[in-house]
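Colleague: Got a structure here, written out as structure tokens. Questions coming.
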Amino acid sequence: VVFFENGFGYRKPSPGRFAAAGGLVRGRAMSDATAWYSDKALLGSLVACAFALVTVAVSIFHIRHHLTHYNEPKAQRYTIRILLMVPVYAVNSAISLFTYKTIGSFIVTTLRDCYEAYTLYNFFALCLCYCGGPNLLVTRWQSDDARLPVSWWTMTCCLSELKLDGAFLRMVRQGTLQFVIMKLVLAAVALGLRIAGVYDEGHFRPDRGYVYVTVIYNTSIFLALYSLVLFYLSARVYLAPFKPLAKFALVKTIIFVTFWQNVLIAILFLVGVAKPLDGLDATASVVFIQNFLLCVESLPIALLNIVGFPAPVRDGKISNVCHSLKHFVQMNDVLLDTATTFDPTYKEFLFVNQDDSPVGDPSASPLPSTSKPPEIQITLMNESQLRSDDNANAK
Numbered sequence: 203v204v205f206f207e208n209g210f211g212y213r214k215p216s217p218g219r220f221a222a223a224g225g226l227v228r229g230r231a232m233s234d235a236t237a238w239y240s241d242k243a244l245l246g247s248l249v250a251c252a253f254a255l256v257t258v259a260v261s262i263f264h265i266r267h268h269l270t271h272y273n274e275p276k277a278q279r280y281t282i283r284i285l286l287m288v289p290v291y292a293v294n295s296a297i298s299l300f301t302y303k304t305i306g307s308f309i310v311t312t313l314r315d316c317y318e319a320y321t322l323y324n325f326f327a328l329c330l331c332y333c334g335g336p337n338l339l340v341t342r343w344q345s346d347d348a349r350l351p352v353s354w355w356t357m358t359c360c361l362s363e364l365k366l367d368g369a370f371l372r373m374v375r376q377g378t379l380q381f382v383i384m385k386l387v388l389a390a391v392a393l394g395l396r397i398a399g400v401y402d403e404g405h406f407r408p409d410r411g412y413v414y415v416t417v418i419y420n421t422s423i424f425l426a427l428y429s430l431v432l433f434y435l436s437a438r439v440y441l442a443p444f445k446p447l448a449k450f451a452l453v454k455t456i457i458f459v460t461f462w463q464n465v466l467i468a469i470l471f472l473v474g475v476a477k478p479l480d481g482l483d484a485t486a487s488v489v490f491i492q493n494f495l496l497c498v499e500s501l502p503i504a505l506l507n508i509v510g511f512p513a514p515v516r517d518g519k520i521s522n523v524c525h526s527l528k529h530f531v532q533m534n535d536v537l538l539d540t541a542t543t544f545d546p547t548y549k550e551f552l553f554v555n556q557d558d559s560p561v562g563d564p565s566a567s568p569l570p571s572t573s574k575p576p577e578i579q580i581t582l583m584n585e586s587q588l589r590s591d592d593n594a595n596a597k
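Here is the structure:
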């Protein structure tokens, strides 16, 4: 009772009747409505936490299976980062159930959304890895004289003259990475507005910050998703053996569920179909129901991830979990991608990296290297260099 008094599951009742038996005070009674709120909401929160714990256990088992069979280090590093999204959503939603009155709920929800953006980047990086890396992909485009499919359905009808080359790949990477950076910036801005008392979440008022943050966020995620669509259309032939659509569906399921489910619940309360929970207003009721459903829905998604992202098991090859974990936690790929993608001096660039070999290459080492990784060579070509290279017929 003390724990939940300032959290979610308990509301201090108003003074009521006291019943005595044998001269002993049995306790303070609450009204029927308040008793329903205390019992049912607390019970629902505990059930949601149980689902979240099972989700975390399933995800840990799946991730450990990948670390034990770490036969494709580069691809599995991206895969594990993607798999972490489900337990992150489940845990954050469970925490929000008990901290909705405080800024803690806002912070954990913001962190959850930041990891969503990071997951989209890792899915793009995973697909690029499936294609053999940037260098091999651009070479394939050039050798196959590949063109972007034109269709109004995919909103590419105006891109018939778009050339598939290093510049196109850089543009797609920029479209994906900008969402990660923008989300971090918006998170800091929203937190500042919340502390200043001018955020007013859920209310679209021109004198409040929520409306502007929402517009910028949706614009940014649209550009990121559109960039992923362009990349898939340009590399669909090379990605076909890896079934990327099924993996993308699993990645986006919980994200779309989070957004559209929240919209649907809010509409139901707005039109009066759903009534606020006792002791909560409509906004707080929407938050509670959304977090409860996310905890429950995370478990089947975690189970589906086992099917959608299987570990590459090879007979007789067991990886050292500590070595695999050491390789997984490295963030040099993210930092390098960010630095080279947004550097204005770059026009076209190709990475020449030893671990850019196609996934499943039998010659690839089954274990991540424990030595210092080799330097990554970057071919930088600006306009003057391109002209001089053309004139000299240089490589």
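In terms of my numbering, the sequence shown opens at residue 203 and continues consecutively. From the three backbone atoms N, C-alpha and C, an ideal C-beta is built for every residue, glycine too.
1) Using only alpha-carbon positions, find the residue among A327, I284, L366, L386 that is nearest to T311.
2) For T540, which residues in the same chain have their Cβ closer than 7 Å to its Cβ, ignoring the five residues on either side in sequence?
3) Between the Cα of P502 and those of C331, F471, V256, spot the shortest distance and give me the residue it belongs to.
4) Could you tell me if D367 is buried or exposed, where buried requires 16 or more neighbouring beta carbons within 10 angstroms of its beta carbon?
5) Check R410 in the structure and name its three-state DSSP category.
6) Can the beta-carbon of P336 be found less than 8 Å from the beta-carbon of L435?
7) Evaluate contact between the stretch 436 to 449 and the stretch 340 to 351, counting only Cβ atoms and requiring at least three cross-stretch pairs below 8 Å.
8) I want to know whether the stretch 271 to 286 touches the stretch 512 to 530 - three or more CB-CB distances under 8 Å.
9) Does DSSP classify K449 as helix, strand or coil?
10) Which residue's Cα is closest to the Cα of V523: A389, Q278, P408?
11) Specify the secondary structure class of R516 as computed by DSSP and reduced to three states.
12) Rounded C-beta distance between I418 and L388? I'm assuming under 8 Å.
13) In terms of alpha-carbon separation, which member of A369, C251, T304, N294 lies closest to A486?
14) Tell me which residues share the same chain as S353 and place their Cβ nearer than 8 Å to its Cβ, disregarding the 5 neighbours each side in the sequence.
15) Assuming S307 is part of the alpha helix (DSSP H), what are its boundary residues?
16) Using beta-carbon positions only, say whether R314 and Y291 come within less than 8 Å of one another.
17) For L226, collect the residues of the same chain with a Cβ closer than 6 Å to its Cβ; drop the 5 residues on either side in sequence, then sort them by chain order.
18) Here's a check: name, in chain order, each residue in its chain whose Cβ is nearer than 6 Å to the Cβ of Q376, leaving out the five neighbours to either side.
19) Could you compute how far the alpha carbon of I423 sits from the alpha carbon of A319?
20) Looking at the unbroken alpha helix (DSSP H) that takes in W343, where does it start and where does it end?
21) Over the uninterrupted alpha helix (DSSP H) stretch that includes R372, give me the two end residues.
22) Can you look up K528 in the DSSP assignment and give me helix, strand or coil?
23) Hey, A296 and A254 are a contact pair by Cβ (cut 8 Å); roughly how many whole angstroms apart?
24) What is the residue span of the alpha helix (DSSP H) that C497 lies within?
25) Which residues does DSSP list as the beta-bridge partners of R349?
26) Determine the direct distance from the alpha carbon of V489 to that of V473, and round the result to whole angstroms.
27) Would you decide whether N294 is buried or exposed? Buried here means 16 or more other CB atoms lie within 10 Å of its CB.
28) L479 lies in the alpha helix (DSSP H); which residues open and close that run?
29) If you run the structure through DSSP and keep just helix, strand and coil, what is P546?
30) Between which two residues does the alpha helix (DSSP H) carrying A254 extend?
31) Provide the residue span of the alpha helix (DSSP H) that contains Y280, from first to last.
32) What would DSSP say about T540, mapped onto helix, strand or coil?
33) My understanding is that T321 touches I284, with C-beta atoms under 8 Å, so please give their C-beta distance in whole angstroms.
34) Compare the beta carbon distance of A504 and V288 with 8 Å and say whether it is the shorter of the two.
Modeller: Quick look at the numbers:
1) Cα-wise, what sits closest to T311 is L386.
2) These residues qualify, in order along the chain: L379.
3) For P502, the closest alpha carbon among the candidates C331, F471, V256 is that of V256.
4) It counts as exposed.
5) Of the three classes helix, strand and coil, the one that applies to R410 here is coil, per DSSP.
6) No Cβ-Cβ contact shorter than 8 Å links P336 with L435.
7) At 8 Å Cβ cutoff, the stretches touch.
8) A contact exists between the stretch 271 to 286 and the stretch 512 to 530.
9) Correct three-state label for K449: helix.
10) Cα-wise, what sits closest to V523 is Q278.
11) Secondary structure of R516 (DSSP, three-state): coil.
12) Right, the Cβ-Cβ distance comes to about 6 Å (below 8 Å), so this counts as a contact.
13) Each of A369, C251, T304, N294 was checked against the Cα of A486, and the nearest Cα belongs to T304.
14) If we look at S353 and ignore the five residues flanking it on each side, its Cβ neighbours are C359.
15) Run containing S307: 305 to 332, per the alpha helix (DSSP H) assignment.
16) Cβ atoms of R314 and Y291: closer than 8 Å.
17) Note that L226 has pLDDT 36, beneath the 50 cutoff, so the model's placement of it is unreliable and the number below is only indicative. Cβ within range, chain order: n/a, list empty.
18) Once the five neighbours on either side are set aside, the close Cβ partners of Q376 are T543.
19) A straight line joining the alpha-carbon of I423 with that of A319 spans about 8 Å.
20) For W343, the enclosing alpha helix (DSSP H) starts and ends at 336 to 346.
21) Residues 368 to 398.
22) Secondary structure of K528 (DSSP, three-state): helix.
23) The pair is a contact, with the Cβ atoms about 4 Å apart (cut-off 8 Å).
24) For C497, the enclosing alpha helix (DSSP H) starts and ends at 484 to 510.
25) Looking at the DSSP assignment, R349 forms a beta bridge with K365.
26) Note on geometry: alpha-carbon atoms of V473 and V489 lie some 17 Å from one another.
27) Around the Cβ of N294, a 10 Å sphere holds 16 or more other Cβ atoms; the residue is buried.
28) Neither: L479 is in no alpha helix (DSSP H) and is coded neither H nor E.
29) The answer is coil: DSSP assigns P546 none of H, G, I, E or B.
30) Where A254 is concerned, the enclosing alpha helix (DSSP H) stretches over 244 to 270.
31) It spans 275 to 285 - the alpha helix (DSSP H) in which Y280 sits, taken as one unbroken run.
32) In the three-state DSSP reduction, T540 falls in the helix class (H, G or I).
33) Taking 8 Å as the upper bound for CB-CB distance, T321 and I284 are in contact here, some 6 Å apart.
34) V288 is positioned such that its CB atom lies closer than 8 Å to that of A504.
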